[in-house]
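**Student:**
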Amino acid sequence: MIQREQIRNYLKNYLVRCQLNSEMKSFISSLLCLKGKIFNDESVFTWAEFYYYSSLIFESSDEQQVSHVACSSAIELLVLATDILDDLTDEDNQGEILSKLTYPQAVSLSSILLMESFHIIGKYKSPHSLQAVVRQLRAAAYGQADDLSFKISHNHIPTEQEYFKHIDRKSSSLTRLVFHLNAPVEEIPLWNEIATYIGYSGQIGNDARDVFDDTKNDLRDKKATLPLIKAIEASQAKDGGWLLNQLISSDLGINHDELMTIREYIKRTGAIKYCEILAEIYLNKSIQLLKRYQETSVYKEGCSNLIAFLGDDDN
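The numbering of the sequence shown is full-length UniProt numbering, which starts it at 1 and goes up by one.
1) Could you tell me which residues DSSP puts in a beta bridge with lysine 151?
2) Does DSSP classify histidine 156 as helix, strand or coil?
3) Any idea if lysine 100 is buried or exposed, counting beta-carbon neighbours within 10 angstroms, 16 or more meaning buried?
4) Assess, as a yes-or-no matter, whether the stretch 298-305 is touched by the stretch 46-66 under the definition of 3 or more beta carbon pairs within less than 8 Å.
5) Here's a check: name, in chain order, each residue in its chain whose Cβ is nearer than 6 Å to the Cβ of alanine 132, leaving out the five neighbours to either side.
6) For arginine 190, which residues from the same chain have a beta carbon less than 6 Å from its beta carbon, with the 5 sequence-adjacent residues on both sides left out?
7) Tell me, to the nearest whole angstrom, how far the beta carbon of leucine 11 is from that of isoleucine 38; I am working on the premise that it is less than 8 Å.
8) Please classify leucine 98: does DSSP put it in a helix, a strand, or coil?
9) Would you grab the beta carbon distance between leucine 98 and aspartate 83 for me? Rounded to a whole angstrom, and I think it's under 8 Å.
10) Using a Cβ-Cβ cut-off of 7 Å (strictly less than) and excluding sequence neighbours within five positions of tyrosine 51, which residues of its own chain qualify?
11) Please return the same chain residues whose Cβ sits closer than 6 Å to the Cβ of glycine 36, not counting the five positions on each side in sequence.
12) In this structure, how does DSSP classify isoleucine 272 when only helix, strand and coil are distinguished?
13) Please tell me whether phenylalanine 150 and lysine 223 are closer than 8 Å, where the distance is taken between their beta carbons.
14) Which of the three DSSP states is assigned to tyrosine 14 in this structure?
15) For a test of the three-state rule: what should DSSP assign to valine 178, helix, strand or coil?
16) Tell me whether serine 117, by its Cβ, gets closer than 7 Å to a heavy atom of the ligand NAP.
17) Taking 8 Å as the cut-off, does the stretch 258-269 touch the stretch 282-295 (at least 3 CB pairs, one atom from each stretch)?
18) Taking the alpha-carbon positions, what's the glutamate 280 to isoleucine 188 distance?
19) Please report the residue range of the alpha helix (DSSP H) in which phenylalanine 118 lies.
20) What does the alpha-carbon distance come out to for the pair leucine 114 and isoleucine 307?
21) Can you tell me the Cα-Cα spacing of arginine 30 and tryptophan 242, whole angstroms?
22) Could you give the first and the last residue of the continuous alpha helix (DSSP H) run that contains glycine 199?
23) Consult DSSP for glutamate 91 and reduce its assignment to one of helix, strand or coil.
24) Could you give the distance in angstroms between the alpha-carbon of asparagine 182 and the alpha-carbon of alanine 139?
25) Just to confirm, are aspartate 92 and threonine 215 a CB contact at a threshold of 8 Å?
26) Using 8 Å for Cβ pairs, my map puts isoleucine 167 next to glycine 122. What's the rounded Cβ distance?
27) Return yes when the Cβ of alanine 195 is within less than 8 Å of the Cβ of asparagine 227, no when it is not.
28) Is leucine 34 helix, strand or coil by DSSP?
29) Between which two residues does the alpha helix (DSSP H) containing lysine 300 stretch?
30) Should tryptophan 80 and glutamine 136 be called a contact, given that it needs their Cβ atoms to be closer than 8 Å?
31) Looking at cysteine 275: is its Cβ nearer than 8 Å to the Cβ of aspartate 207?
32) Assign lysine 273 to one of two classes, buried (16 or more other C-beta atoms within 10 Å of its C-beta) or exposed (fewer than that).
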């Protein structure tokens, strides 16, 4: 994949030239090798490549190639910054990021990455585009703040509708950001819809996988993720709310056997399968809208490449 190597080379050269100390440069390089990041050969989806393919829908001339690669790199750094902040908020101390960094290092590094990403985008995009980035990041920040209290309790069990409203700000803001950097103003409503579906699909899939991830605290913290919401609904209908009672009464950070029992129970309710199917439905919705757009687009190859990147084998 030529574009992956181009983005990697840009980031490597940027790290050599920037004014960060050697320790911070080493941290950034290390984090960019994690699962799902651009330096990891096994990564299927990276945010840098998502931006790169998205940008080719709007402009694919050779003159724009430097801008595409630079801004792709900026998006990779920006999302890494949000990943660090997300792990800090969730106190995922055993995760890939915080197992490498102290809290002070993580806070400092997230700030640096945000500023570096803004700096790169500002060099290649208009002030209007940079404002679009800030607007979507602001929405994501509000969503992250809400995430602290978006939990399961005896007093309130969030609904599926509330869950989608929550992730629309927390997660889909980042996918909207990618399209807002290039989309014409008159097309923003369409790209908002496509980005929202992609964001939904990604967040639902992540939440389903995180149920079984020992480095994630979703169950321990009783976070109102969709698999947990649906499993509690099933439990209330079938056995008088056993799952809710177990969640509230157990300290899952200490009692690993209880955690394993709850994980298996959630799986048996069908909540995980429901989430996997729903994630696929939303991804397919975004792909169908992209295919419809492709019919009248000047950049048909760019559309095909993005559709293939998102996972449509029939394109």
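Every residue, glycine too, gets a C-beta built ideally from N, C-alpha and C.
Because the structure is a prediction, the values reported are computed rather than measured.
**Tutor:** The relevant details are as follows:
1) Taking the first residue of the sequence shown as 1, we reach residue 151 at position 151. Lys223.
2) By one-based count along the sequence shown, residue 156 stands at place 156. Residue state, collapsed to three classes: coil.
3) Taking the first residue of the sequence shown as 1, we reach residue 100 at position 100. It counts as exposed.
4) yes
5) Here residue 132 refers to the residue found at position 132 when the sequence shown is read from its first residue. Taken in chain order, the residues that qualify are His180.
6) As a position in the sequence shown, residue 190 is number 190, starting the count at 1. One point to set straight first is that residue 190 is leucine, not arginine, in the sequence displayed. Once the five neighbours on either side are set aside, leucine 190 has no close Cβ partner at all.
7) One-based indexing of the sequence shown puts residue 11 at position 11. One-based indexing of the sequence shown puts residue 38 at position 38. Rounded, the Cβ-Cβ distance is 7 Å, consistent with contact.
8) For the purposes of this step, residue 98 is taken as the residue at position 98 of the sequence shown. Reduced to three states, the DSSP call for leucine 98 is coil.
9) The residue labelled residue 98 in the question sits at position 98 within the sequence shown. The residue labelled residue 83 in the question sits at position 83 within the sequence shown. No, leucine 98 and aspartate 83 are not in contact; Cβ-Cβ is about 10 Å, not under 8 Å.
10) The count along the sequence shown starts at 1 and reaches residue 51 at position 51. The answer, listed in chain order, is Cys71, Ser72, Ile75, Val178.
11) Counting from one through the sequence shown, the residue named residue 36 turns up at place 36. Around glycine 36: Ser43.
12) The count along the sequence shown starts at 1 and reaches residue 272 at position 272. Here isoleucine 272 sits in helix by DSSP.
13) Translated into the one-based positions of the sequence shown, residue 150 becomes position 150. Translated into the one-based positions of the sequence shown, residue 223 becomes position 223. Going by C-beta atoms, phenylalanine 150 is nearer than 8 Å to lysine 223.
14) For the purposes of this step, residue 14 is taken as the residue at position 14 of the sequence shown. Note: tyrosine 14 maps to helix in three-state DSSP.
15) Residue 178 sits at position 178 when you count from the first residue of the sequence shown. Helix, per DSSP.
16) This structure does not include the ligand NAP; it has no bound ligands of any sort.
17) no
18) As a first step, residue 280 must be located in the sequence shown, where it is residue number 280. As a first step, residue 188 must be located in the sequence shown, where it is residue number 188. Straight-line Cα distance between these residues: approximately 24 Å.
19) The sequence position of residue 118 within the sequence shown is 118, counting from 1. Note, phenylalanine 118: alpha helix (DSSP H), 103-124.
20) Indexing the sequence shown from 1 puts residue 114 at position 114. Indexing the sequence shown from 1 puts residue 307 at position 307. Roughly 28 Å between the two C-alpha positions.
21) As a working note, residue 30 is residue 30 in the sequence shown. As a working note, residue 242 is residue 242 in the sequence shown. Going by the sequence as given, residue 30 is serine instead of arginine. Distance between the alpha carbons of serine 30 and tryptophan 242: 43 Å.
22) In the sequence shown, counting from the first residue as 1, residue 199 sits at position 199. Unbroken alpha helix (DSSP H) run through glycine 199: 188-210.
23) As a first step, residue 91 must be located in the sequence shown, where it is residue number 91. Reduced to three states, the DSSP call for glutamate 91 is coil.
24) Position 182 of the sequence shown, counting from 1, holds the residue named residue 182. Position 139 of the sequence shown, counting from 1, holds the residue named residue 139. Cα to Cα, the separation comes out at about 19 Å.
25) Here residue 92 refers to the residue found at position 92 of the sequence shown. Here residue 215 refers to the residue found at position 215 of the sequence shown. In contact: aspartate 92 and threonine 215 (Cβ atoms closer than 8 Å).
26) To locate residue 167, count along the sequence shown from 1; it is residue 167. To locate residue 122, count along the sequence shown from 1; it is residue 122. So it is not a contact: roughly 29 Å between Cβ atoms.
27) Your numbering for residue 227 matches position 227 in the sequence shown. Your numbering for residue 195 matches position 195 in the sequence shown. What sits at residue 227 in the sequence shown is proline, not asparagine. No, Cβ-Cβ distance for proline 227 and alanine 195 is not below 8 Å.
28) Indexing the sequence shown from 1 puts residue 34 at position 34. The answer is coil: DSSP assigns leucine 34 none of H, G, I, E or B.
29) For this step, residue 300 is matched to residue 300 along the sequence shown. Element bounds for lysine 300: 300-310.
30) Taking the first residue of the sequence shown as position 1, residue 80 is located at position 80. Taking the first residue of the sequence shown as position 1, residue 136 is located at position 136. Residue identity check: residue 80 is leucine in the sequence provided, not tryptophan. For leucine 80 and glutamine 136, no; Cβs fall outside 8 Å.
31) Within the sequence shown, the letter at position 275 stands for residue 275. Within the sequence shown, the letter at position 207 stands for residue 207. Result yes, Cβ atoms of cysteine 275 and aspartate 207 sit closer than 8 Å.
32) Residue 273 sits at position 273 when you count from the first residue of the sequence shown. With fewer than 16 other Cβ atoms within 10 Å, it is exposed.
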